[in-house]
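Novice: The structure that follows is given in the form of structure tokens.
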Amino acid sequence: MEFIFQYPIWFIVFCFLLGLVYSSVLYFKTDAFADNTPIFHWVKKVMALFRFLSVSVLSFLLLSPLIKSRFVDKVQPSIVIVHDNSSSIKLSFGKLDSSKYLASLNEMYKAFNEKYLLDLYTFSDKAYQKDTLTFLEKRTNISNTLEQINSNYFNRNVGAVILATDGIYNEGNNPIYTDFNFPIYTIALGDTSSQKDLKIAQVNANKIAYLDDEVQVDVIIEAINSKNENVFVELLNSKGKRISSKKINLKEDYIEQKVAFVIKATNVGIQKYSIKISEIEGEISLENNISTFYIDVIDSRQKVLILANAPHPDIAALKQSVSKNKNLEVDVQYINRFGKNSEEYNLIVLHNLPSIKNNAQNIFSQITKEKIPFLFIAASATNFNSLNKFQSIINIKPSAKNLNEATAFFNQNFTSFNLTQETSNKLNKFPPVSVPFGSYKFAATAKPLLYQKIGAIETDYPIILLNENLGVKSGIIIGEGIWRWRLHDYLENKNHDAFDELFQKTINYLAIKSDKRKFRVTNTKNVFFETEPVIIEAELYNESYELVNEPEIKLQAKNEKGEEFPLSMSRINNAYVLKTTSLPIGAYTYTATTTYAAKNYKASGAFSIKTLQLEAIQTKANHKILHQIAEKTNGAVFYPNNLNKLKEFILNKEDIKPTLFESFKTRSIINLKWIFFFIVALLSIEWFARKYYGAY
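The structure is reproduced here in structure tokens:
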């Protein structure tokens, strides 16, 4: 303890003089006392002393003296035990008596708790401060766990960190590259020997397929210590019914074997499939004998009608090219025999229509009414006066019946879709087509894909012109003789790749309608793992296609068993979102409903929640990593059957000792409560004595 004075220390003399003068005048220069006995003289001196002390102390406190105190805190060292709680640890108890191990672990806990501060953690994807071991977690991230412990105990007295794990990690980085400030003592769980096991190492299949596609599924089977075993590999559908199976013979102790299946995509939506391997006697784990995967089957087939005035080689060339795309169904009809409903088609291609002989008024009325995308091919038999009335993409005024021979060149500023550089280069070499001679005036919203080059002059007259107005796509091909392009492409390049790319992408662009729905609901993924939240987003538009989120959206999810799960979507910004982890594993369909401006809206979708089996993929313990971690941090490796050695080692380690923290506290002496009571006591006794002896 140390006194600190803010004024010169000799000022204390004045405090004593003030107390002395005050008490002398009060007691020795007055006749206020009635008692004059010899004993009173001693009482009088004591009262004078009390007054001297109280006045001196009060005046001393006016100098604002300070007192500096020293404190020493003793902090016991912490022992941090971090135990792997993943399901792979269960397998490590195959040859180890788990009850004996857990009993030894508890004994070690008690011994450390008596001498040190003991902190218990379990870990999977990260560390959790709890002491209950279930061995049910689905993932292991050792590097993230060590980083978390390192951060939590930064600048603290940690005697040791004990890491109990099998060294298997399936998330995060290699833990040996994690920087750590404390010694790590590892308990090496698991079995490093190769045990008999069959596992599905990998399933490769397209996540998205089109309706009626054949999807190849490649399965890689990994077999350990299974030589001469015969196993069956089965492909199952969502109901567990076998679609196909194959028998394989395992000819080596360790082998990776590829098995291929073909799936016919016959149903639209998310389809669930499973690969299952028959079990063999003595397998360490059966969880990795089955793997589930999902394919999202999309019905994107577009129906294209080529409606012609009369047969023409350009029609055959176009059909042959477009038909190569299995998602485009092409139907060729002639106007004089056409009796189908135009609403069946996603795109109508009109060749030489309207013509001089057939105005095709009915079909144009249906196109306008139903807002069906259309593509004109204007050639020699086209009635251009009627054509200019039926569409607003371009106005062509031909000069008599004169034709020009024009080659095509690509518009480098075209952005609606991309053509490869190779194709755009080939287009320049295609033979000329016959185009009307005259004036061309096209809409400001129209986008030329190909321009006309007449002789050596590059013009701004289009050969292919595309447009989109009020959500309806349209286009026009001006010219006759595109069949020569296809023939030239084959003669020069031995294929039709450039011709096919040009017209397939043009037809695709026109046939795919813009999404004009006012209520849209989508899930961020088709397949979610059981440990991650299912996220579904929704958008609602008003008549001006502005986002609104005033009404409530209710969502009803239904699994394969028919169980229903009512959910509500939350408002976020101008849209909606659903984020839930409450749904069990399975395949789901859902319906979202809402009401806005007196109109009911409905949208549906599907998703699946998949079992996470990371822990079953790798079953062989990796003790090499544990040795590297211990060596890097100046720790040591122990095994589960000698936990007593680890306990004694830590308890007898001399450098694990308490830390003493010295601190100082400075405060004003006036804040000491005992001084207050001391002064009050002096003045109270003095007052009582003065009153008793008649001075008051």
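Counting the sequence shown from 1 gives a position; the working numbering is that position plus 674.
Each residue gets a CB set at the ideal place from its N, CA and C atoms; glycine is no exception.
Roughly how many angstroms separate the alpha carbons of lysine 946 and isoleucine 1330, rounded to a whole number?
Specialist: Straight-line Cα distance between these residues: approximately 56 Å.
Novice: If I measure Cβ to Cβ from serine 1073 and keep anything under 6 Å in the same chain, skipping five residues before and after, which residues do I get?
Specialist: Phe1111, Gly1112, listed in sequence order.
Novice: I'd like to check one pair, proline 1028 with serine 1060: are the Cβ atoms closer than 8 Å?
Specialist: Closer than 8 Å, so yes.
Novice: Let me make sure I understand the geometry here. Which of Leu810, Lys764, Pro751 has the alpha-carbon closest to that of glutamate 788?
Specialist: Checking every option, the nearest Cα to that of glutamate 788 belongs to Pro751.
Novice: Exposed or buried, what is arginine 1364 when buried is set at 16 or more other beta-carbons lying within 10 Å of its beta-carbon?
Specialist: Flag for arginine 1364 reads buried.
Novice: Taking the alpha-carbon of phenylalanine 1084 as reference, which of Leu1077, Asn1078, Thr1097, Lys1075 has the nearest alpha-carbon?
Specialist: Of Leu1077, Asn1078, Thr1097, Lys1075, the residue nearest in Cα terms is Thr1097.
Novice: Short check: CB of lysine 1115 to CB of asparagine 1057, under 8 Å?
Specialist: Against a cut-off of 8 Å, the Cβ pair of asparagine 1057 and lysine 1115 comes out as no contact.
Novice: Could you pull out every residue in the same chain whose Cβ sits closer than 7 Å to the Cβ of leucine 732, ignoring the five residues on either side in sequence?
Specialist: The residues are Ile1353.
Novice: Just the Cα atoms here: how many angstroms apart are phenylalanine 677 and tryptophan 684?
Specialist: Cα-Cα distance, rounded: 14 Å.
Novice: With distances taken Cα to Cα, identify the nearest neighbour of lysine 921 among Val933, Lys915, Gly846.
Specialist: Selected option, being the one with the closest Cα: Val933.
Novice: Applying the criterion that 16 or more other CB atoms from any shown protein chain within 10 Å of the CB defines a buried residue, is tryptophan 1348 buried or exposed?
Specialist: With fewer than 16 Cβ atoms within 10 Å of its Cβ, tryptophan 1348 is classed as exposed.
Novice: In terms of alpha-carbon separation, which member of Val699, Asn826, Lys1228 lies closest to leucine 1388?
Specialist: Coverage of the chain is limited to positions 675 through 1370, which leaves residue 1388 absent and any answer about it impossible.
Novice: For valine 720, write down the residues that DSSP places opposite it in a beta bridge.
Specialist: For valine 720, which the question treats as bridged, DSSP gives no partner whatsoever.
Novice: Between which two residues does the alpha helix (DSSP H) holding glutamate 821 run?
Specialist: It spans 816-826 - the alpha helix (DSSP H) in which glutamate 821 sits, taken as one unbroken run.
Novice: Compare the C-alpha of isoleucine 894 against each of Asn848, Asp927, Ser965, Asp865 and name the closest.
Specialist: If we check each option's Cα against that of isoleucine 894, Ser965 comes out closest.
Novice: Quick test of the definition: if touching needs 3 or more C-beta pairs under 8 Å, does the region 775-789 touch the region 1309-1318?
Specialist: In short, these stretches touch, since the Cβ pair count reaches three.
Novice: Would you tell me roughly how many angstroms separate the C-alpha atoms of glycine 943 and lysine 881, rounded to the nearest one?
Specialist: If I take the Cα positions, the gap works out to 12 Å.
Novice: Relative to the alpha-carbon of glutamate 1226, which residue among Glu1206, Glu1166, Leu1252, Tyr1313 has its alpha-carbon at the smallest distance?
Specialist: Ranking Glu1206, Glu1166, Leu1252, Tyr1313 by Cα distance to glutamate 1226 puts Leu1252 first.
Novice: Is the CB-CB distance between lysine 901 and aspartate 927 below 8 Å?
Specialist: Contact flag set, yes.
Novice: Alpha carbon to alpha carbon, how far is lysine 925 from serine 1282?
Specialist: Approximately 37 Å between the Cα atoms of the pair.
Novice: Just the Cα atoms here: how many angstroms apart are threonine 1205 and threonine 1255?
Specialist: Going by the C-alpha atoms only, they are around 8 Å apart.
Novice: With glycine 693 as the anchor, note down where its beta strand (DSSP E) starts and where it stops.
Specialist: Taken as a continuous stretch (DSSP letters only), glycine 693 belongs to no beta strand (DSSP E), being part of the alpha helix (DSSP H) at 685-702.
Novice: Using only the alpha-carbon positions, how far apart do proline 1314 and alanine 838 sit?
Specialist: Computed Cα separation, rounded: 9 Å.
Novice: Ignoring anything shorter than 3 residues or poking outside the region 1044-1113, list the beta strand (DSSP E) runs there in chain order.
Specialist: Segments of the beta strand (DSSP E) lying fully in the region 1044-1113: 1048-1052, 1068-1084.
Novice: Check serine 798 in the structure and name its three-state DSSP category.
Specialist: DSSP places serine 798 in coil when its eight states are reduced to three.
Novice: Compare the beta carbon distance of lysine 1100 and glutamate 957 with 8 Å and say whether it is the shorter of the two.
Specialist: No, these two residues do not count as a Cβ contact at 8 Å.
Novice: Measuring alpha carbon to alpha carbon, tell me which residue in Val695, His1025, Lys742 is nearest arginine 725.
Specialist: When only C-alpha atoms are compared, the closest one is Val695.
Novice: Pick from Lys873, Thr808, Asn818: whose alpha carbon is nearest that of lysine 1294?
Specialist: Here the closest residue by C-alpha is Lys873.
Novice: Check the C-beta distance from proline 849 over to valine 835 and give it rounded, since I have them as a contact under 8 Å.
Specialist: About 12 Å separates the two Cβ atoms, so there is no contact after all.
Novice: I'd like to know whether the C-beta atoms of asparagine 1026 and alanine 1053 end up nearer to each other than 8 Å.
Specialist: Contact: yes.
Novice: For isoleucine 1227, write down the residues that DSSP places opposite it in a beta bridge.
Specialist: Answer is none; isoleucine 1227 lacks a bridge partner.
Novice: Does the separation of the CB atoms of alanine 982 and isoleucine 1156 fall below 8 Å?
Specialist: It is not a contact, given that the beta carbons lie outside the stated cut-off.
Novice: Whole angstroms is fine: what's the gap from leucine 885's alpha carbon to leucine 1184's?
Specialist: About 21 Å.
Novice: Using the beta-carbon count (16 or more within 10 Å), is glutamate 1224 buried or exposed?
Specialist: That one is exposed.
Novice: Between valine 1023 and leucine 1093, how many whole angstroms is the CB-CB distance? I'm expecting something under 8 Å.
Specialist: Contact doesn't hold; Cβ gap of about 20 Å is too wide.
Novice: Name the DSSP bridge partner or partners of arginine 1158?
Specialist: The partner list for arginine 1158 (beta bridge, DSSP) is empty, contrary to what the question assumes.
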